[in-house]
Amino acid sequence: MTLNYLQIPDLLNNLEAALRRSIVERKLTSPLMIGIRTGGVWIAEHMHQRLNIEEALGLLDISFYRDDFSRIGVNPNVKPSQLPPNIEGRDIILIDDVFYTGRTIRAALNEIFDYGRPKQVVLAVLIKRDGKQIPINPDCAGASIILNADQRLKLTGPEPLTIELQTIEVAA
Amino acid sequence: MPDDLQLNQEGKLRHFLTIEGLDKSLLTEILDMAESFVGMSGQKVKKVPLLRGKTIVNLFFENSTRTRTTFELAAKRLSADVLSMSIATSSTSKGESLLDTIRNLQAMHVDMFVVRHAVSGAAHFIAQHTAPHISVINAGDGQHAHPTQAMLDMFTIRQIKKDFSNLRVAIIGDILHSRVARSQIQALNTLGVAEIRVIAPKTLLPAHVETLGVRVFHNLTEGLKDMDVIAMLRLQKERMSSALLPSESEYFKCFGLTEDKLKIAKPDAIVMHPGPINRGVEIDSKVADGPQSVILKQVSNGIAIRMAIMAMAMQKQGLA
Numbered sequence: 009m010t011l012n013y014l015q016i017p018d019l020l021n022n023l024e025a026a027l028r029r030s031i032v033e034r035k036l037t038s039p040l041m042i043g044i045r046t047g048g049v050w051i052a053e054h055m056h057q058r059l060n061i062e063e064a065l066g067l068l069d070i071s072f073y074r075d076d077f078s079r080i081g082v083n084p085n086v087k088p089s090q091l092p093p094n095i096e097g098r099d100i101i102l103i104d105d106v107f108y109t110g111r112t113i114r115a116a117l118n119e120i121f122d123y124g125r126p127k128q129v130v131l132a133v134l135i136k137r138d139g140k141q142i143p144i145n146p147d148c149a150g151a152s153i154i155l156n157a158d159q160r161l162k163l164t165g166p167e168p169l170t171i172e173l174q175t176i177e178v179a180a
Numbered sequence: 004m005p006d007d008l009q010l011n012q013e014g015k016l017r018h019f020l021t022i023e024g025l026d027k028s029l030l031t032e033i034l035d036m037a038e039s040f041v042g043m044s045g046q047k048v049k050k051v052p053l054l055r056g057k058t059i060v061n062l063f064f065e066n067s068t069r070t071r072t073t074f075e076l077a078a079k080r081l082s083a084d085v086l087s088m089s090i091a092t093s094s095t096s097k098g099e100s101l102l103d104t105i106r107n108l109q110a111m112h113v114d115m116f117v118v119r120h121a122v123s124g125a126a127h128f129i130a131q132h133t134a135p136h137i138s139v140i141n142a143g144d145g146q147h148a149h150p151t152q153a154m155l156d157m158f159t160i161r162q163i164k165k166d167f168s169n170l171r172v173a174i175i176g177d178i179l180h181s182r183v184a185r186s187q188i189q190a191l192n193t194l195g196v197a198e199i200r201v202i203a204p205k206t207l208l209p210a211h212v213e214t215l216g217v218r219v220f221h222n223l224t225e226g227l228k229d230m231d232v233i234a235m236l237r238l239q240k241e242r243m244s245s246a247l248l249p250s251e252s253e254y255f256k257c258f259g260l261t262e263d264k265l266k267i268a269k270p271d272a273i274v275m276h277p278g279p280i281n282r283g284v285e286i287d288s289k290v291a292d293g294p295q296s297v298i299l300k301q302v303s304n305g306i307a308i309r310m311a312i313m314a315m316a317m318q319k320q321g322l323a
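Sequence lines, in order, name chains A and B. Using the numbering used here, the letters of the first sequence map in sequence onto residues 9 to 180. Using the numbering used here, the letters of the second sequence map in sequence onto residues 4 to 323.
Right, dumping it as structure tokens:
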């Protein structure tokens, strides 16, 4: 099923507008943009271009920082993160595709802090859905939606970027 | 001794005891994962929380500096708690058997043993007798296997040569006593190199060595021709119980790798050595410290490869 009411161009426009507001409100100076692999990087590439950020996009692979390692193991396709060596004191825009439980962001923040102590981090996501499990919230979102417990959002890309609503079987 | 003991029902690594029985895709997975740990060196905090809360015991019944320290560093970079015990053949000095030592450590809630032992099959034996949730990594057993060394060698080769399929590799020296050589040969064959040669005097070759899938040379000059990778071995004098060699200088004259001999191999050939090196016995200092030597790169890569193997052996632990 396609989400008719969630059009990718609209979502990207909304996110861009929200990010521009945040940059002013939070007084971000030459921010470093970081995308979380894989979906977050696709979104970040769009924002990176739209906001004319010159510095290369940072890529974050959180596989080694996940909290479910002892249950599901390591993703064999894990790739090294690519972040600039100097994160100390920087303003960072962290980008992911879908915000759900908040655990991915927890892992991402831990990894970023292992590279240095940033001045501030702004979290921007394409879609925020309900179901967060830890006290972390996005600062900017392209849309906020409420789904049933058995529904998941699946982003495919990078070209074309599409979003699909899937129904999964919930374990009893 | 091939065994399924190493893999769980899903074909994932549980213990790492020998290269034998592991397929190409699993070896490649280890190399790929090590690659991402190498990239970690850019981090200010060179640590990932993968094995937080796990306890790893390095059980070294035989001396080692490089292997023990790189295992220790690898475990620490995975955030595990590590205890290194150098028992140097004396665990039994107070009359305690190997199994009793293991049982005692197990009672301290250990999650992984890294074992080096002078007896072939020791790590295997421990893996058979530990609780199901404990992983065992072989850090060298007798003359049998040293699989993590072989994997770090494969990693170093891939880093420089990119692809295994066209490579010609020569393993030179004391093949008879070398657990490194056995594991290297198995790994190179599994990864599918074009040719493996062993170059050694007859007294330092095991019987029927050619059945391992290698070509045998007794002459260094002949054997080095067209080689892409030269893997030197240490002359293991401590394991030589009889007069296998006339003298060290005689050995150096025939089988020592010098700058002149190295010129016979391909111009971009790399020289490896598992250490510790006997300068002037199996390798000339000018070669060991020369531009084609990757000996210190091997040491650095040892940390990343051991991180990968420990992380993979510990995944899904507790649900098995």
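Glycine is no exception: its CB is placed at the ideal position from the N, C-alpha and C atoms.
Excluding the 5 residues flanking it on each side, arginine 106 of chain B has no same chain C-beta neighbour closer than 8 Å. Taken in chain order, the unbroken stretches of alpha helix (DSSP H) that lie wholly in the region 63-127 of chain A and span 4 residues or more are 77-80, 111-123. Glu32, Asp35, Met36, Glu38, Ser39, Phe40, Val41, Gly42, Met43, Gly45, Gln46, Lys47, Val48, Lys49, Lys50, Val51, Pro52, Leu53: these are the residues of the region 30-53 of chain B whose beta carbon lies less than 9 Å from some beta carbon of chain A, given in chain order. Counting other Cβ atoms within 10 Å of its Cβ, leucine 208 of chain B reaches 16 or more and is therefore classed as buried. Around isoleucine 176 of chain A, the same chain offers Asp158, Arg160 as residues with beta carbons nearer than 7 Å, after the five sequence neighbours per side are excluded. Using a Cβ-Cβ cut-off of 9 Å, lysine 27 of chain B does not count as an interface residue toward chain A, since no Cβ of chain A sits closer than that to its own.
Residue ranges of uninterrupted alpha helix (DSSP H) with 4 or more members, entirely inside the region 260-298 of chain B and ordered along the chain, are 262-265, 288-291.
Counting only residues of its own chain and dropping the five nearest sequence neighbours on each side, glutamate 262 of chain B has a CB closer than 8 Å to the CB of Asp287, Lys289, Val290, Gly293. The beta carbon of threonine 164 of chain A sits closer than 6 Å to the beta carbons of Thr170 from its chain, once the five residues preceding and following it are set aside; these are given in chain order. Neighbourhood of glutamine 318 of chain B in chain A, by CB distance below 7 Å: Phe77, Gly81, Val82, in chain order. Interface with chain A (9 Å Cβ-Cβ cutoff): lysine 15 of chain B is included.
Comparing alpha-carbon positions, the option among B:Ile59, B:Ile90, B:Phe64, B:Gly176 lying closest to glutamate 75 of chain B turns out to be B:Ile59.
Contact annotation for lysine 87 of chain A against chain B: Ser39 [CB-CB distance below 7 Å, chain order]. For proline 93 of chain A, the nearest CB of chain B lies under 9 Å from its own CB, placing it at the interface with that chain. Among the residues of chain A, those whose CB is under 7 Å from the CB of alanine 314 of chain B are Val82, following chain order.
Among the residues of chain B, none has a CB under 7 Å from the CB of aspartate 99 of chain A; the nearest is roughly 18 Å distant.
Methionine 115 of chain B sits in a strand when the DSSP states are folded into three classes. Inter-residue distance for aspartate 156 of chain B and asparagine 60 of chain A is about 44 Å (C-alpha atoms, whole angstroms). For secondary structure counted as the beta strand (DSSP E) over 3 or more consecutive residues, the region 24-48 of chain A holds these complete runs in sequence order: 40-44.
Arginine 98 of chain A and glutamate 23 of chain B have their C-alpha atoms spaced approximately 49 Å apart. Within its own chain, the residues whose Cβ lies closer than 6 Å to the Cβ of valine 41 of chain B, once the five positions on either side in sequence are excluded, are Ala307, listed in chain order.
Along the length of the region 44-114 of chain B, whole alpha helix (DSSP H) runs at least 4 residues long occupy 69-80, 101-109, reported in chain order. Contact note: glycine 110 of chain A does not reach chain B at a C-beta cutoff of 9 Å; the least C-beta distance is about 17 Å. Contacts with chain B at 9 Å (Cβ-Cβ) include serine 71 of chain A. Between isoleucine 16 of chain A and valine 130 of chain A, the gap from beta carbon to beta carbon reaches 9 Å or more.
Of the residues A:Ser71, A:Arg58, A:His56, the one whose Cα lies closest to the Cα of serine 89 of chain A is A:Ser71. If you draw a straight line from the Cα of glutamine 9 of chain B to the Cα of leucine 194 of chain B, it is about 19 Å long. If you keep only unbroken beta strand (DSSP E) runs of at least 3 residues inside the region 134-188 of chain B, you get 138-144, 171-175.
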